[in-house]
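There are 2 protein chains.
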Amino acid sequence: MSHRYLVLGLLSERPMTGYEIRKRVCETMSMIASPSYGAVYPILHRLLREGAVTMDVVEQEGRPAKKVYAITESGRDDFATWLRKPAAADQVRREFLVKVLFARDLDPEELTAHLRDRQAEVEGQIAVLEAVCSEPEAQANGYHALVIDYALALYRAELCWLDRVAQAVRAGELLQDALLLDPD
Amino acid sequence: MSHRYLVLGLLSERPMTGYEIRKRVCETMSMIASPSYGAVYPILHRLLREGAVTMDVVEQEGRPAKKVYAITESGRDDFATWLRKPAAADQVRREFLVKVLFARDLDPEELTAHLRDRQAEVEGQIAVLEAVCSEPEAQANGYHALVIDYALALYRAELCWLDRVAQAVRAGELLQDALLLDPD
DNA sequence: GTAAGCATGTAACTTGTTACATGATTAG
DNA sequence: CTAATCATGTAACAAGTTACATGCTTAC
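Protein chains in written order, with my numbering: chain A, 11 to 194; chain B, 11 to 194.
Structure (structure tokens):
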């Protein structure tokens with residue numbers, strides 16, 4: 011459901027094509043979503059059917075014609091209503107965590123490998139976010155910057171956790187049952 | 011996909027019924043997942059069909075008969091293979107974040123309300139995690155405790171972020187475009 | 001008596017991914 | 001000549017939710 015409103019929100023800034031929407035989301039909002047074309051186009055078709063957007067075919071030479079979608083008053087109302095409704099609660103839900111949960115079945119080296127993989131992934135995400143941060147588009151929109159800051163804060167906290175756990179594994183503190191982690 | 015392996019992982023500890031599995035996940039692993047019956051039962055049927063588990067009908071007086079599922083060697087192999095594969099990357103993806111992204115369309119009080127809602131939600135989650143932490147089951151399993159600690163670390167980081175943003179809103183630092191948030 | 005817990009299940013629906021098809025231009 | 005970028009779309013599939021149906025027991 012929130013992909014729909016992400017699309018509508020972006021169109022409330024300016025008219026765009028499906029291709030453009032997807033590109034913008036994947037490049038500057040990848041921490042929130044990375045929808046495929048198979049998600050974006052059907053959403054636009056549906057919004058059009060419902061009258062939340064209008065569509066304008068723009069011929070281009072050289073390139074294929076593009077369909078520019080623009081939000082309508084009714085679309086703005088729909089978006090405004092959604093924006094004011096309380097957000098649904100959602101989980102942390104990472105495949106990575108399920109693997110940690112059953113790490114008693116892994117050798118310490120295998121667990122360490124998972125931790126290292128995740129660390130590389132998180133560091134990569136942080137690098138992407140910092141790059142997005144320094145772009146003019148993100149700096150112009152305080153709320154976009156806010157969301158990036160949120161993701162950075164969580165990723166940095168995760169990095170700390172990964173470090174602590176990697177140390178505990180190295181120290182052999184995590185055996186079959188084990189102790190660990192002073193509560194703060 | 012990871013629900014399947016969560017089920018298989020739990021069954022690798024001891025035989026259980028679908029009802030039990032769901033209850034245990036929802037009560038002690040709610041930060042990772044809260045599958046509905048409509049998710050759990052079909053997974054078990056499929057695992058049975060594939061030979062990853064066996065099923066034993068146990069009649070009970072008073073209560074309806076229950077179906078106890080136990081993991082097979084083939085199921086253990088399947089699980090062990092999955093456990094060693096690198097985990098898929100996943101996003102932060104919170105509906106809440108999409109609302110923040112478009113908060114320029116909200117009055118400061120409306121944004122504050124969203125922030126407060128989220129704060130209450132996060133504090134509730136932390137309370138649940140701390141309660142689970144103190145149970146003997148979680149303390150006996152170091153890896154379970156580890157996952158709880160992960161979730162706590164992220165939730166606490168989020169709480170800090172929420173605080174910072176709430177303050178910025180109160181101070182009127184978040185207008186149409188706005189500055190904000192010294193990079194660390 | 002009524003709500004909650006035990007216990008199983010299915011059907012309809014939603015939301016999304018992957019993989020495919022099409023086809024032109026530009027940069028290496 | 002090959003890959004990437006622009007640009008649209010569909011079909012098959014995967015994974016899950018919600019809502020329903022059933023039915024018994026125990027605690028308030």
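Just so it is clear, CB atoms sit at the ideal spot from N, CA and C, and this is done for glycine as well.
Values in this document were obtained by computation on a predicted structure and should not be read as measured data.
Integer Cβ distance of residue i from residue j, believed to fall under 8 Å
{"i": "residue 164 (chain A)", "j": "residue 168 (chain B)", "result": "7 Å"}
{"i": "residue 143 (chain A)", "j": "residue 158 (chain A)", "result": "5 Å"}
{"i": "residue 67 (chain B)", "j": "residue 17 (chain B)", "result": "So it is not a contact: roughly 19 Å between Cβ atoms."}
{"i": "residue 84 (chain A)", "j": "residue 61 (chain A)", "result": "5 Å"}
DSSP three-state assignment for residue i, whether helix, strand or coil
{"i": "residue 33 (chain A)", "result": "helix"}
{"i": "residue 68 (chain B)", "result": "strand"}
{"i": "residue 42 (chain A)", "result": "coil"}
{"i": "residue 121 (chain B)", "result": "helix"}
{"i": "residue 7 (chain B)", "result": "The structure shown does not extend to residue 7 (chain B), since chain B is modelled only from 11 to 194, so the question has no answer here."}
{"i": "residue 116 (chain B)", "result": "coil"}
{"i": "residue 144 (chain B)", "result": "coil"}
{"i": "residue 52 (chain A)", "result": "helix"}
{"i": "residue 191 (chain B)", "result": "Here the model assigns residue 191 (chain B) a pLDDT of 47, short of 50, so the residue's position is not dependable, and the following value carries that caveat. Residue state, collapsed to three classes: coil."}
{"i": "residue 95 (chain B)", "result": "coil"}
{"i": "residue 132 (chain A)", "result": "helix"}
{"i": "residue 108 (chain A)", "result": "helix"}
{"i": "residue 199 (chain A)", "result": "Only positions 11 to 194 of chain A appear in the structure, and residue 199 (chain A) is not among them; the question remains open."}
For residue j and residue i, the rounded distance between their alpha carbons
{"i": "residue 81 (chain A)", "j": "residue 128 (chain B)", "result": "29 Å"}
{"i": "residue 160 (chain A)", "j": "residue 175 (chain B)", "result": "10 Å"}
{"i": "residue 99 (chain B)", "j": "residue 180 (chain A)", "result": "25 Å"}
{"i": "residue 140 (chain B)", "j": "residue 134 (chain B)", "result": "10 Å"}
{"i": "residue 78 (chain A)", "j": "residue 55 (chain B)", "result": "47 Å"}
{"i": "residue 156 (chain B)", "j": "residue 109 (chain A)", "result": "11 Å"}
{"i": "residue 47 (chain B)", "j": "residue 36 (chain B)", "result": "11 Å"}
{"i": "residue 132 (chain A)", "j": "residue 118 (chain A)", "result": "21 Å"}
{"i": "residue 20 (chain B)", "j": "residue 31 (chain B)", "result": "7 Å"}
{"i": "residue 121 (chain B)", "j": "residue 151 (chain A)", "result": "16 Å"}
{"i": "residue 126 (chain A)", "j": "residue 183 (chain A)", "result": "18 Å"}
{"i": "residue 145 (chain B)", "j": "residue 102 (chain A)", "result": "21 Å"}
{"i": "residue 64 (chain B)", "j": "residue 114 (chain A)", "result": "23 Å"}
{"i": "residue 22 (chain B)", "j": "residue 153 (chain A)", "result": "46 Å"}
{"i": "residue 41 (chain B)", "j": "residue 92 (chain B)", "result": "21 Å"}
{"i": "residue 29 (chain A)", "j": "residue 107 (chain B)", "result": "23 Å"}
{"i": "residue 136 (chain A)", "j": "residue 70 (chain B)", "result": "54 Å"}
DSSP bridge partner residues for residue i (one or two, in chain order)
{"i": "residue 81 (chain B)", "result": "B:63"}
{"i": "residue 26 (chain B)", "result": "B:79"}
Contact test: residue i Cβ vs the ligand GDP heavy atom, cutoff 7 Å
{"i": "residue 16 (chain A)", "result": "This structure does not include the ligand GDP; it has no bound ligands of any sort."}
request  = Please list the residues of the stretch 55-82 of chain A that have a C-beta atom closer than 9 Å to any C-beta atom in chain B, keeping them in chain order.
outcome  = none
key: chain B contacts from the stretch 85-103 of chain A (Cβ-Cβ distance under 7 Å)   = 90, 93, 94, 96, 97, 98, 99, 100, 101, 102 and 103
ask   = What residues in the stretch 103-120 of chain A have a beta carbon less than 8 Å from any beta carbon of chain B?
value = 103, 104, 105, 106, 107, 108, 109, 110, 111, 112, 113, 114, 115, 116 and 120
Contact list for the stretch 142-162 of chain A against chain B, Cβ threshold 8 Å = 143, 150, 151, 152, 153, 154, 155, 156, 157, 159, 160 and 161
inquiry  = Please list, in chain order, the residues of the stretch 38-54 of chain B that have any C-beta partner in chain A closer than 9 Å.
reply    = 39, 40, 41, 42, 43 and 44
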